[in-house]
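Presented below is the structure to which this report refers.
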Amino acid sequence: MGVPHDICPVFSEYFSMGHDSNRCRFPGREHHTELDAMDPAQSSKLSDGIEAPWWKLWAKRRNIVMLMAFFCMQVVYLTRLSLNVTLDAMKVDLGQSWDNEQLVSSFFYGMLVTQIPGGFLASKFGCTNVITVGIAGTSVLTIFTPLAAYGGAGWILAVRVLQGMFQGVVFPCLLDLWARWAPPSERTNRVMVTFVGIVVGTLKAMFIGELLVEFVSWESVFYIFGGAGCLWCAAWFKMIRKSPDEDRSITDGEKEFIMQTLGNVEGQSGDVKHPCKGIFTSTAVLACAIASFCQNWGLVNTLNMFPTFLKDTLLYELSPTGFLTTLPYVSAIKGLTIAGPLADRLQVKGLQTATQVRRNFTCASFIA
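Structure representation (structure tokens):
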């Protein structure tokens, strides 16, 4: 069973949103104009002018963006894990003895290729457009996976690599989206809600996938999960724009509030120069990369070995959807829902800087 490997919202928010400075430099603009951007404490003092009870999420356009991003992560993991939950049944039905590890892991070879280019594509074509293509591509490939399975392991490998390539662009594009939509005082919390979708999508894949395999067929998992991705793409394409400035449904007050707190981030139009040498020699970037590698290594191995330990060492009878098997995912949701608001609160109150929050939360996650 595959497991999520991108569920550290604090690290993701750090990597995507850049720096602690209150100045934003956009090299692509004439004269390298610098625009003032507010820190969380400053932006929390402003209002978008929308008076609505908390349950009317649709009153604020950025809440709609957040919910769609939340469902985006669910679709990503439903399609990604569709093979994981069906592979054993597929092999029995087709009379094959394929290598599970090889078929499942081939996805990440494709993903590795497109994650960095995904950020460049977002700058050139718009993050929402690239996300649409990424999810649409992986959803269509998911629907055609049963056909590939009947063709043999080679076809499945090819489909999985292509799926990874399409999904590789989604994460950097979502982070680019929040760089344009999330006020500093809400940033960590909105990124957190987005990445909770990873855990929810994983749980759905496990529960729904097992039920479909048992009561319908293993093929139905691919058709339903892939179809859900296609439906999401249609809604995303119609409803979401890459920035408040391009959204026709947003109120003037909310648009002014977001753009004022972000320092008119939409000013970074035109050609953007990417200091590749500076990026790859930056100690901050290297620290982020090492932290991400170690976090993913520990998380994936823990979640992979936990069911095996319970079954083989403690001799528990486990179901893929049993309480003990899903406990790490439920715990992850709880941790994420606490960490996001707390991180924003610490910054809004001026108790910690953004750098301190990111360092402390990242280190705390490793200790835990």
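Residues in the sequence shown are numbered from 6 upward in steps of one, following my numbering. Ideal Cβ positions, reconstructed from N, Cα and C, are used throughout, including at glycine. What you are looking at is a predicted structure, and each value in this text was computed from that prediction instead of being measured.
Close-in-space but distant-in-sequence residues of the same chain around residue i (CB under 6 Å, 5 per side omitted)
i	result
PHE371	none
PRO32	Confidence at PRO32 is low in this model, with a pLDDT of 37, below 50, so its placement is unreliable and the value that follows should be read with caution. These residues qualify, in order along the chain: LYS278.
GLU224	PRO151
LEU356	none
SER49	SER190 and VAL353
LEU62	ASN68
ALA187	ARG195
ASN365	none
Cβ neighbours of residue i in the same chain (closer than 7 Å, five flanking residues each side left out)
i	result
PHE311	PRO333
GLN361	none
CYS132	CYS178, ASP181, LEU182 and LYS247
ASP252	ARG66 and ARG246
PHE242	THR137
GLU219	none
HIS10	Below a pLDDT of 50, predicted positions are generally treated as unreliable, and HIS10, at 45, falls in that range; the measurement from the model is reported next regardless. Within the same chain, HIS10 has close Cβ partners ASN301, LEU304 and VAL305.
CYS238	THR137, ILE140, ALA141 and SER144
MET78	THR199, PHE200, GLY202, ILE203 and GLY206
VAL226	SER87, VAL90, THR91, GLY214, LEU217 and VAL218
PHE113	GLY169
Whole-angstrom C-beta distance between residue j and residue i, which should lie under 8 Å
i	j	result
PRO189	ASP44	6 Å
VAL4	ALA233	What is shown of the chain runs 6 to 373, which leaves residue 4 out entirely.
GLY124	GLN168	20 Å between Cβ atoms; not a contact.
PHE149	VAL164	7 Å
SER87	THR147	6 Å
ALA154	MET95	6 Å
When the options are compared against residue i, the one with the closest alpha-carbon
i	options	result
LEU216	THR91, TRP59 and ALA369	THR91
LYS65	ILE245, CYS235, CYS281 and GLY283	ILE245
LEU72	THR143, VAL201 and ASN301	VAL201
THR266	ASN301, GLU191 and LEU319	GLU191
VAL204	VAL290, LEU341 and LYS129	LEU341
GLU106	MET211, LEU162, ALA187 and PHE298	LEU162
LYS209	THR84, PRO122 and CYS293	THR84
GLN47	TYR155, PHE298 and PHE262	PHE262
ILE55	ILE255, TRP186, CYS299 and ALA74	ILE255
ASP104	LYS339, ILE343 and GLY159	GLY159
LEU108	VAL70, ALA369, VAL166 and GLY100	VAL166
Burial state of residue i (16 or more Cβ within 10 Å)
i	result
THR330	buried
PRO58	exposed
TYR321	exposed
ASN194	buried
GLN172	buried
ALA348	buried
GLU259	buried
SER287	exposed
CYS29	Because CYS29 sits at a pLDDT of 39, beneath the cut-off of 50, its placement in the model cannot be relied upon, and the following sentence gives the value as read from the coordinates. Flag for CYS29 reads buried.
PHE230	buried
CYS13	A caution first: CYS13 carries a pLDDT of 41, below 50, which makes its placement in the model too unreliable to give a value.
ILE121	exposed
VAL335	exposed
LEU319	exposed
LEU117	exposed
VAL221	exposed
ALA294	exposed
LYS129	exposed
ALA296	buried
GLY157	exposed
PRO280	exposed
TYR82	buried
ASP93	exposed
PHE298	exposed
ASP53	buried
ALA74	buried
ALA184	buried
ALA337	buried
Close beta carbons around residue i, own chain, < 8 Å, minus the five adjacent residues each side
i	result
LEU126	VAL135, VAL174 and CYS178
PHE76	GLY202 and TRP237
VAL290	ILE284
LEU315	TYR321, LEU323, LEU329 and THR330
query = In chain order, which continuous runs of the alpha helix (DSSP H) of length 4 or greater are located wholly inside the segment 141-194?
reply = With a minimum length of 4 residues, the continuous alpha helix (DSSP H) runs that stay inside the segment 141-194 are 150-156, 158-173 and 175-186.
key: Every unbroken beta strand (DSSP E) inside the segment 238-272 [3 residues or more]   = Counting only runs of 3 or more, we get nothing.
request  = Return the chain-ordered ranges of every alpha helix (DSSP H) run that is complete within the segment 336-360 and spans a minimum of 4 residues.
outcome  = With a minimum length of 4 residues, no continuous alpha helix (DSSP H) run stays inside the segment 336-360.
request  = Only counting runs of 4 or more residues, tell me where the alpha helix (DSSP H) segments fall wholly within the segment 38-97, in order along the chain.
outcome  = List check, alpha helix (DSSP H) in window: 45-48 and 66-85.
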